[in-house]
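Please read the structure below before turning to the comments.
There are 2 protein chains.
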Amino acid sequence: MRPELLTRIDSLLPAGGDTPELARYAQMLRDYPQRGGKGIRSELLLGTARAYGVQPESPEWQRALWLAAALELFQNWVLIHDDIEDDSEERRGRPALHRLHGVPLAINAGDALHVYMWMAVRRSGVDRALDEFMQMVLKTAEGQHLDLAWVESREWNLTEADYLRMVRLKTAYYTVIYPLRLGALAAGREPAPQFEAAGLALGTAFQIRDDVLNLIGDPAKYGKEIGGDLLEGKRTLIVLHWLAQTTPEQRKEFLERMNRARTEKDAGQIEELLAWLRQSGSVRYAQDFADREARTGLRALEEALADAPERDATQALLGTMKVLATRDA
Amino acid sequence: MRPELLTRIDSLLPAGGDTPELARYAQMLRDYPQRGGKGIRSELLLGTARAYGVQPESPEWQRALWLAAALELFQNWVLIHDDIEDDSEERRGRPALHRLHGVPLAINAGDALHVYMWMAVRRSGVDRALDEFMQMVLKTAEGQHLDLAWVESREWNLTEADYLRMVRLKTAYYTVIYPLRLGALAAGREPAPQFEAAGLALGTAFQIRDDVLNLIGDPAKYGKEIGGDLLEGKRTLIVLHWLAQTTPEQRKEFLERMNRARTEKDAGQIEELLAWLRQSGSVRYAQDFADREARTGLRALEEALADAPERDATQALLGTMKVLATRDA
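Quick mapping for you: the protein sequence lines, in order, are chains A and B. Residues 1 to 329, numbered by full-length UniProt numbering, are exactly what the first sequence covers, in order. Residues 1 to 329, numbered by full-length UniProt numbering, are exactly what the second sequence covers, in order.
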């Protein structure tokens with residue numbers, strides 16, 4: 001993320017604390033934001049504001065920067081809770097927060113960071129952004145519920161439509177649709193209604209691409225553990241497609257291994273599942289699906305931005321979005 | 001809580017969900033609010049608004065009701081996360097949410113309810129209430145951090161001042177100070193600065209009284225498990241006072257038993273600790289401490305409300321506060 005966003009986040013968070021315990025609290029709040037992160041969502045927001053004519057150093061740019069900082073705070077508190085919910089081991093190359101401080105303190109730190117997100121929204125002075133953030137967080141929580149509930153209830157009897165619905169709610173709104181909307185609002189523009197269709201397609205492409213990278217990505221470039229989705233029992237388009245066309249024996253074997261708790265999973269057996277998936281045509285199927293969604297989404301976004309006055313900035317935004325939807329890390 | 005608050009909360013939350021999983025999500029969000037709860041904080045807020053002249057059926061009363069509903073939503077999302085953090089078994093006579101649906105889904109439901117709290121604040125139309133809620137939640141989270149961190153790091157080397165600081169942050173702000181402030185704001189009044197001192201004393205009395213009831217309360221009237229604080233390893237004024245004056249042998253024995261994880265605790269051994277505490281003078285000491293705080297706080301509050309125009313409503317508010325600080329259930 002941009003240094004000026006981290007500066008803004010820093011200025012909101014408690015500086016130290018006059019006891020060792022309150023110093024630890026302050027440090028826990030700063031931990032994830034300081035680990036960095038690509039800052040893709042905040043870049044989309046700022047890029048949209050630029051496309052709509054916001055000039056650096058203008059008051060509108062300050063608004064956009066506060067909203068961008070709020071998006072990063074959103075990402076960070078969600079990741080703290082997400083890492084607990086998935087019992088992830090690592091985040092951005094270091095142990096997850098709950099693995100450093102235990103689950104209770106990490107839940108509480110996530111709740112506090114959630115409040116600082118609202119503080120950043122408030123600082124932007126864009127009154128409507130409060131309602132936008134409410135809708136954004138609620139969409140994400142609804143998608144997150146589906147994702148987690150399928151793991152919890154061992155539900156594998158799912159269609160492509162089920163998967164797409166979950167991914168749109170969980171990823172597309174906060175990764176694409178709301179960054180576009182908030183960037184427009186910072187510029188004093190009414191967000192284009194077409195952002196929604198464009199963002200649903202682009203967000204879906206982004207997530208499917210992430211699912212693909214989780215299986216076949218370059219460990220040196222991809223920030224998370226390769227195969228981690230299998231360990232966490234995530235339902236992905238790849239797995240659902242593969243399950244629908246594999247042999248009954250492999251299907252049975254797969255479900256049996258996947259339905260074990262993370263700690264009960266055998267590393268060798270998971271490696272074998274990885275190999276089955278990689279050798280199947282399902283990775284290709286998912287990649288083609290993502291490519292189609294990316295093309296559809298980019299075309300829709302180009303149209304939605306047809307009246308954006310800053311054409312160079314608009315082209316840059318479309319370029320960023322393309323990289324995002326077809327990323328290899 | 002008052003039926004009109006539950007009606008307001010109901011109107012914000014998702015009604016059903018068009019799949020069984022989304023129906024479960026909607027049901028999880030409604031679960032804690034529907035279990036009832038005394039609604040003491042919302043009563044204080046509404047009582048303060050009345051004392052400052054707000055008439056039922058007036059627009060100011062609608063504002064106050066939305067803020068009261070937001071306070072109840074705060075209490076409910078915090079309790080969902082609290083129950084996970086303490087690994088509580090029950091809440092209001094039923095299994096805790098995470099014991100019904102697992103930790104991941106319950107964390108997520110708490111996060112969503114947190115957003116609905118902001119929605120209720122927003123509905124009140126009292127713009128400053130947003131900042132008040134931010135400060136309130138952050139104070140509470142800071143106190144919660146101390147409480148949880150002492151358990152996590154097995155810290156028993158604590159003074160009375162440490163305990164009082166934690167309790168003020170964790171309980172006094174959201175139980176007394178902010179309900180008073182928000183009630184005044186709903187009435188269009190600047191909150192009296194003396195609310196803080198009054199509320200710190202009253203909130204402390206409330207919490208110490210809760211600690212006492214947790215040891216010697218009437219199981220039929222007290223909503224939580226008698227002795228539950230010991231199972232959760234809570235630091236209380238009673239325990240800290242007792243540790244400071246007991247024999248080295250009993251101290252050693254106590255700390256050894258308390259430092260075990262909840263699931264490793266032996267019920268019979270905890271019963272014995274309960275007996276030691278009950279037989280000591282420490283329960284009396286804590287009760288006297290709470291009584292002094294209650295008297296100080298009530299006097300301060302009476303002065304702070306000297307200029308409140310509705311004298312009957314003011315007397316009723318002081319009466320509610322007195323019951324709260326000296327409650328026996």
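Beta carbons: idealized from backbone N, C-alpha and C, even for Gly.
Where residue i sits in the DSSP three-state scheme
i, result
"proline 3(B)", "helix"
"glutamate 90(B)", "strand"
"proline 95(B)", "strand"
"glutamine 279(B)", "helix"
"serine 42(A)", "helix"
"threonine 326(B)", "coil"
"glutamine 287(B)", "helix"
"glycine 102(B)", "coil"
"leucine 158(A)", "coil"
"asparagine 214(B)", "helix"
"arginine 260(A)", "coil"
"aspartate 147(A)", "helix"
"glutamate 85(B)", "helix"
"glutamate 271(A)", "helix"
"glycine 199(B)", "helix"
"serine 58(A)", "coil"
"proline 33(A)", "helix"
"aspartate 307(B)", "coil"
"glutamate 232(A)", "coil"
"glycine 16(A)", "coil"
"lysine 170(A)", "helix"
"proline 248(B)", "helix"
Chain-order list of residues whose beta-carbon lies under 6 Å from that of residue i (same chain, five-residue window excluded)
i, result
"leucine 46(B)", "Ala64, Ala68"
"glycine 110(B)", "Trp77, Ile80, His81"
"tryptophan 150(A)", "Arg235"
"alanine 306(A)", "none"
"glycine 16(A)", "Ala23, Ala26"
Buried versus exposed call for residue i [16 or more other C-beta atoms within 10 Å across all chains shown]
i, result
"alanine 261(B)", "exposed"
"asparagine 108(B)", "buried"
"serine 58(B)", "exposed"
"threonine 171(B)", "buried"
"aspartate 229(B)", "buried"
"serine 11(B)", "exposed"
"glutamine 75(A)", "buried"
"alanine 129(B)", "buried"
"glycine 93(B)", "exposed"
"glutamate 256(B)", "exposed"
Test: residue i CB closer than 7 Å to a CB of chain B
i, result
"isoleucine 9(A)", "no"
"glutamine 287(A)", "no"
"glutamine 144(A)", "yes"
"glycine 125(A)", "no"
"isoleucine 258(A)", "Reading off the sequence shown, one finds methionine at residue 258(A), where the question assumed isoleucine. Closer than 7 Å: no."
"aspartate 111(A)", "yes"
Beta-carbon proximity of residue i to residue j, cut-off 7 Å
i, j, result
"tyrosine 52(A)", "alanine 184(A)", "yes"
"phenylalanine 289(A)", "leucine 273(A)", "no"
"valine 176(B)", "leucine 202(B)", "yes"
"residue 330(A)", "glutamine 287(A)", "Shown here, chain A extends from 1 to 329; a query on residue 330(A) therefore has no answer."
"leucine 134(A)", "tyrosine 178(A)", "In the sequence as presented, leucine is not what sits at residue 134(A); that position holds methionine. Contact: no."
"isoleucine 208(B)", "leucine 164(B)", "no"
"leucine 29(B)", "leucine 13(B)", "yes"
"glutamate 232(B)", "aspartate 86(B)", "yes"
"tyrosine 116(A)", "leucine 73(A)", "yes"
Cβ neighbours of residue i in the same chain (closer than 7 Å, five flanking residues each side left out)
i, result
"glutamate 302(B)", "Leu318"
"histidine 114(A)", "Trp77"
"arginine 181(B)", "Glu132, Pro191, Phe195"
"arginine 154(A)", "Asn259"
"isoleucine 40(A)", "Leu324"
"alanine 275(B)", "none"
"alanine 304(B)", "Ala192, Gln194, Phe195, Ala198"
7 Å Cβ cutoff, residue i in contact with chain A
i, result
"asparagine 108(B)", "yes"
"methionine 134(B)", "yes"
"glutamine 62(B)", "no"
"glycine 233(B)", "no"
"histidine 98(B)", "no"
"histidine 241(B)", "no"
Closer than 6 Å: residue i CB and nearest the ligand GDP heavy atom
i, result
"leucine 146(B)", "Of ligands this structure carries none, so the ligand GDP is not represented either."
Proximal residues to residue i (C-beta, below 8 Å), its chain only, five neighbours per side dropped
i, result
"glutamate 60(A)", "Ala49, Val54, Ala186, Ala187, Gly188"
"arginine 168(A)", "Gly143, Leu200, Gly203, Thr204"
"leucine 158(B)", "Trp150, Arg235, Leu240"
C-beta neighbour in chain D for residue i, strict 7 Å
i, result
"methionine 117(A)", "Of the protein chains in the structure, A and B, none is chain D."
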